[in-house]
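Peer 1: If you're matching positions, the sequence shown starts at 8 in the numbering used here and goes up one per residue.
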Amino acid sequence: MIEILGDIWNKIKSVWEVPDPGIRLMIVVLVAFSLFKITPEHFSTYSFWAKNSEDIRNLGLVIISLPGLCLLLWRTVSANRSAEAAIKQAQTSKNLETLTQKGHLTDRFSKAVELLGHDKRTIQIGGIKALERIAIEDPKTYHRTVYELLCVFVKDHSPAPESKDPDNNASREPPSERIAVQAAMTVICRRDSDKDVKLDLTNANLSDLNLKDANLSGANLYKADLRKSRLHNAILNGKVSLYRAKLDNADFFEAELKGADFSRACMRNTILFCAKLEGAKFYDSNISNADFGGAKVTDEQLLDACIEPKIPPRGVSKELNKQLRTITSSEKECG
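1. Would PHE289 and LEU309 qualify as a contact pair, given that the criterion is a beta-carbon distance under 7 Å?
2. Would ARG332 be called buried (16 or more neighbouring beta carbons within 10 Å of its own) or exposed?
3. Let me check understanding here. Comparing Cα to Cα, which of ASP311, ILE135, LEU206 lies closest to ALA272?
4. Secondary structure at ARG251, three-state DSSP: helix, strand or coil?
5. Could you give the distance in angstroms between the alpha-carbon of LEU216 and the alpha-carbon of LYS329?
6. Where does LYS235 sit, in a helix, a strand or coil, going by DSSP?
7. Assuming PHE269 and GLY301 are in contact, meaning their beta carbons sit under 8 Å apart, how far apart are those beta carbons, in whole angstroms?
8. Quick one: residues in its chain with C-beta nearer than 7 Å to the C-beta of GLY133, no 5 flanking neighbours on either side, listed in chain order?
9. For HIS111 and ALA187, what's the separation of their Cα atoms in angstroms?
10. Nearest by alpha-carbon distance to ALA142: which of LEU249, MET274, SER200 is it?
11. Return the bridge partner residues of LYS303 from the DSSP annotation.
12. Can you name the start and end residues of the alpha helix (DSSP H) that SER223 belongs to?
13. Specify, as a first and last residue, the run of the alpha helix (DSSP H) that HIS150 falls within.
14. For ALA190, which option in ASP203, ASN210, LEU157, ASP163 has the closest C-alpha, if you only look at C-alpha atoms?
15. If I measure Cβ to Cβ from ALA252 and keep anything under 8 Å in the same chain, skipping five residues before and after, which residues do I get?
16. If the criterion is Cβ atoms closer than 7 Å, does the pair LYS235 and SER214 meet it?
17. Put LYS288 into one of helix, strand or coil per three-state DSSP.
18. Report back the beta-carbon spacing between THR315 and SER295 to the nearest angstrom; my notes put them in contact at under 8 Å.
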C-alpha cells in the first residue's frame, strides 16, 4: 500500500502545475485508476469486485483523502505565490526608492553647482562641502565629476599673482578671494584616492595655501604656482607633473615626491628637507638655495639642475655644487 501511495504522490507532483484545482483532482483520480489498471468494463463484473475488494477499499480511502491533500497543496502553492509576489513588490519598492534617491542627488548636485557661482564666499564654501558629500554618497556616479569640477573652480578663482618676484608673493593671510580656493583644495586633497581621478591643476594659483597632508598623487601641476605653500607630509607620487611650476619658498617637509617631474621648475629657497625624491627629475630646474637636507635624492638626479651665481643648494655634497650649471641673468626668470 505504501508503494501505491508513493506512486500516486509522484504522479500528483508531475501534474500539479495544472492551474485549476478541479482539473488536478480529475487527473489524480485517473492516475489512481491507471495504477490499478481499472477500466470502465471492470465495474460490470462481479469477479472484479470480489477479487479486488481490499484494493478497492484502499483506493476509496485514497480518493476520499485526495480533496484534503489537494487543498493542502493548493494552500502551499498559494502561500509560495504570495511570498513571491511580496518579494517582487519589495524589490519594486526598493527600485523606486533608489530612483527617488538618485533624483534627489541630481537635484542636490545641480543646486550645489549653482552655489559655486555665488558672489559670497561662505555660500561658495557651502556648495563645495555639498559636492564633497554627494561624491561620498554616490562615488560611482559623482566622484570623478565632482573633483573635476572642483579643479575647474580652483583654476577659475585663482588668478596669477601680480608680482613675479618670489620674495613678494601673496600674503600668508589669504584674502577673501582665496578662502574658497583653500576650501576647494582641502576637499580635493582629502578625496578617496582608491577611486582616483586625474587632477588637472595646470596653471592653477595655489600659492600661500595650507596643503599639509595633501594627496595630490598623479596630479598635473604644469605651470602651477605653489610659492610659499605648506605641503608638509604631502603625497605627490605617481609621476606628478611639476614641469615649469613656481615652487619658490614652498615647504615640502617630509613630503613624498617619488617620480615627480620638476623639470624647468623654479625652486628658489624650496624646502625639501627629508623629502622622498626617489626617481624625481630636475632637468633645468633652478634649485638655488633649495634645502635637500636629509632628502632621499642622489647627486645623479640633481646633475641636470642649475643654480644662480654663488647660490648653491643646501644639504648636497660639495662635489655636486661644483658640477651644477650656473645660469645667466637672462635665465633667472623661469617657469
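The C-beta atom is built at its ideal place from N, Cα and C for all residues, glycine as well.
Peer 2: According to the structure data:
1. By 1-based counting over the sequence shown, the position of residue 289 is 282. By 1-based counting over the sequence shown, the position of residue 309 is 302. Contact flag set, yes.
2. As a position in the sequence shown, residue 332 is number 325, starting the count at 1. It counts as exposed.
3. Numbered from its first residue, the sequence shown carries residue 272 at position 265. Taking only the C-alpha atoms, the option nearest ALA272 is ASP311.
4. In the sequence shown, counting from the first residue as 1, residue 251 sits at position 244. If DSSP states are grouped into helix, strand and coil, ARG251 belongs with coil.
5. Taking the sequence shown and counting its residues from 1, the one referred to as residue 216 is at position 209. Taking the sequence shown and counting its residues from 1, the one referred to as residue 329 is at position 322. C-alpha separation (whole angstroms): 35 Å.
6. As a first step, residue 235 is located in the sequence shown; it is residue number 228 there, counting from the start. If DSSP states are grouped into helix, strand and coil, LYS235 belongs with coil.
7. For this step, residue 269 is matched to residue 262 along the sequence shown. For this step, residue 301 is matched to residue 294 along the sequence shown. Wrong, their Cβ atoms sit about 18 Å apart, outside the cutoff.
8. Here residue 133 refers to the residue found at position 126 when the sequence shown is read from its first residue. Same-chain partners within the cutoff: LEU122.
9. On the sequence shown, residue 111 is found 104 positions in, with the first residue counted as 1. On the sequence shown, residue 187 is found 180 positions in, with the first residue counted as 1. When rounded, the distance between both Cα atoms is 25 Å.
10. Translated into the one-based positions of the sequence shown, residue 142 becomes position 135. Among LEU249, MET274, SER200, the Cα nearest to that of ALA142 is on SER200.
11. Locating residue 303 in the sequence shown gives position 296, where the first residue counts as 1. According to DSSP, LYS303 bridges with LYS283.
12. Residue mapping note: residue 223 aligns to position 216 of the sequence shown, counting from 1. The question names Ser, but residue 223 is Leu in the sequence shown. No alpha helix (DSSP H) contains LEU223, which DSSP labels as neither H nor E.
13. Stepping through the sequence shown from its first residue, residue 150 is reached at position 143. First-last of the alpha helix (DSSP H) with HIS150: 146 to 163.
14. Position 183 of the sequence shown, counted from the first residue, corresponds to residue 190. Checked all of ASP203, ASN210, LEU157, ASP163; the closest Cα to ALA190 is LEU157.
15. Taking the first residue of the sequence shown as 1, we reach residue 252 at position 245. Closer than 8 Å at the Cβ level, and outside the excluded window around ALA252, lie LEU228, TYR229, LYS230, ALA231, ASP232, LEU233, PHE269, ALA272, CYS273, GLY342.
16. Taking the first residue of the sequence shown as 1, we reach residue 235 at position 228. Taking the first residue of the sequence shown as 1, we reach residue 214 at position 207. For LYS235 and SER214, yes; Cβs fall inside 7 Å.
17. In the sequence shown, the residue the question calls residue 288 occupies position 281. In the structure shown, LYS288 sits in a strand (DSSP, three-state: E or B).
18. As a working note, residue 315 is residue 308 in the sequence shown. As a working note, residue 295 is residue 288 in the sequence shown. Going by the sequence as given, residue 315 is Glu instead of Thr. Yes, GLU315 and SER295 are in contact; Cβ-Cβ is about 4 Å, under 8 Å.
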